Amino acid sequence: MAGWIVLAMVLWGIGWPALKVVTDTDVPVETVTFLRFAIMAVSFLPILYWRRKPLRLNRRTLRFTIAAGALNVAFMYFAFWGVQTGSAGAGGVIITVASPILTALLALIVFHTRVSPTQLLGLGVGLFGGMLMLEVWHADLLHSGNVFFIGSALVWAVLTLLGQQSHTEMEPIHFNFWLAVFAVPITLVPALPAGLGTVLHQDWTFWTGLLFLAIMGQTVASTIFFVASGKIGSAKAGSYMFLVPLTALVASFLLLGERPSFWLVAGGAVSTAAVYFINARKR
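Residue numbering for the sequence shown follows this note's numbering, starting at 293 and increasing by one per position.
Next up, the structure:
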């Protein structure tokens, strides 16, 4: 199972340069986002057939799933805007590292979760690491795209809390499928005036990137991760996510020629240590 979950993390990391390839075209972000969710929803059908478990939605899970679907759309938009103005490697580092830190903060605020001194230290270290990654002493935060990546991380943190509420009543794979289904009509509304015909004139690199993002980066990778979480535990499975930033940086360097800045690497390392402290448990 370890080999499979490592594969999922590698696919997630490669997804960042693939996202950069897709955005470096004249296709509107609205159109790309709609197509990504539509392909994702269709590609889930073989997995649902393989699982052979009935899809159920009650009033409570429907409410959470629709809200999560809208947040998932917001996450995609922030990620697109980030790579349009910044680097794919930075997105892979900042979002993956900042998300668990922001999730811990939101859990503390919303659920009044008790935190140990070690976890408080982790939150402080994570904030410092985030400042390094953002290079807050510069005035061009919007130009770098890092602010959009922080926005993606914040949205993903809220999405994580919603997911935790819904997973008590439905399978994670089903939850992920419904996210894609509800995201399709939400993204179709802005995609229609933006124009869907522009994708017909794109070359094979665009379609390769889009199909990789929708099928390999989301449907396949997320399914592996959810199945692994059920077998080895979510905490142990989640620890493998530390492989994503490294994979994103290496893939962005090999595929796009991006060279990460010193502060991005340093801040990512500091924030990774923060995630360790935040997840520390008393013996």
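Cβ coordinates follow ideal geometry from the N, Cα and C atoms, glycine included.
For clarity, every value in this text was computed on a predicted model and none was experimentally measured.
Assuming contact is defined by CB atoms lying nearer than 9 angstroms, are residue i and residue j in contact in what I supplied?
{"i": "residue 506", "j": "residue 335", "result": "yes"}
{"i": "residue 437", "j": "residue 313", "result": "no"}
{"i": "residue 460", "j": "residue 304", "result": "no"}
{"i": "residue 353", "j": "residue 462", "result": "yes"}
{"i": "residue 350", "j": "residue 451", "result": "no"}
{"i": "residue 371", "j": "residue 311", "result": "yes"}
{"i": "residue 396", "j": "residue 414", "result": "yes"}
{"i": "residue 427", "j": "residue 544", "result": "no"}
{"i": "residue 561", "j": "residue 393", "result": "no"}
{"i": "residue 499", "j": "residue 383", "result": "no"}
{"i": "residue 325", "j": "residue 513", "result": "no"}
{"i": "residue 398", "j": "residue 359", "result": "no"}
{"i": "residue 549", "j": "residue 443", "result": "no"}
{"i": "residue 259", "j": "residue 388", "result": "For the chain, the structure presents residues 293 to 575; residue 259 sits outside this window and is missing."}
{"i": "residue 300", "j": "residue 478", "result": "no"}
Rounded to whole angstroms, what is the Cα-Cα separation between residue i and residue j?
{"i": "residue 492", "j": "residue 318", "result": "11 angstroms"}
{"i": "residue 453", "j": "residue 400", "result": "11 angstroms"}
{"i": "residue 416", "j": "residue 559", "result": "13 angstroms"}
{"i": "residue 516", "j": "residue 418", "result": "28 angstroms"}
{"i": "residue 535", "j": "residue 306", "result": "11 angstroms"}
{"i": "residue 468", "j": "residue 404", "result": "27 angstroms"}
{"i": "residue 496", "j": "residue 321", "result": "18 angstroms"}
{"i": "residue 488", "j": "residue 343", "result": "33 angstroms"}
{"i": "residue 330", "j": "residue 466", "result": "16 angstroms"}
{"i": "residue 402", "j": "residue 537", "result": "28 angstroms"}
{"i": "residue 527", "j": "residue 348", "result": "The predicted model places residue 527 with a pLDDT of 48, which falls under 50 and marks its position as unreliable; any figure quoted below should be read in that light. Distance between the alpha carbons of residue 527 and residue 348 is about 26 angstroms."}
{"i": "residue 508", "j": "residue 328", "result": "11 angstroms"}
{"i": "residue 542", "j": "residue 323", "result": "28 angstroms"}
{"i": "residue 357", "j": "residue 464", "result": "11 angstroms"}
{"i": "residue 445", "j": "residue 341", "result": "32 angstroms"}
{"i": "residue 510", "j": "residue 504", "result": "8 angstroms"}
{"i": "residue 302", "j": "residue 381", "result": "13 angstroms"}
{"i": "residue 551", "j": "residue 557", "result": "10 angstroms"}
{"i": "residue 376", "j": "residue 315", "result": "6 angstroms"}
{"i": "residue 555", "j": "residue 547", "result": "22 angstroms"}
{"i": "residue 520", "j": "residue 355", "result": "26 angstroms"}
{"i": "residue 412", "j": "residue 518", "result": "29 angstroms"}
{"i": "residue 485", "j": "residue 406", "result": "48 angstroms"}
{"i": "residue 423", "j": "residue 490", "result": "38 angstroms"}
Take the Cβ of residue i as the centre, count every other Cβ of all protein chains shown within 10 Å, and call the residue buried at 16 or more, exposed below.
{"i": "residue 563", "result": "buried"}
{"i": "residue 440", "result": "buried"}
{"i": "residue 523", "result": "exposed"}
{"i": "residue 408", "result": "exposed"}
{"i": "residue 580", "result": "Nothing about residue 580 can be reported from this structure: the residues present for the chain run from 293 to 575 only."}
{"i": "residue 369", "result": "buried"}
{"i": "residue 294", "result": "exposed"}
{"i": "residue 297", "result": "buried"}
{"i": "residue 346", "result": "exposed"}
{"i": "residue 385", "result": "buried"}
{"i": "residue 421", "result": "buried"}
{"i": "residue 429", "result": "exposed"}
{"i": "residue 476", "result": "buried"}
{"i": "residue 481", "result": "exposed"}
**OP:** May I ask you to verify whether the stretch 327-342 touches the stretch 467-484, counting CB pairs closer than 8 angstroms and requiring at least 3?
**Re:** yes
Subject >> Every unbroken alpha helix (DSSP H) inside the stretch 366-449 [4 residues or more] >> reply: 380-402, 409-426, 433-436
Subject >> Runs of alpha helix (DSSP H) wholly within the stretch 470-501 (minimum 4 residues, chain order) >> reply: none
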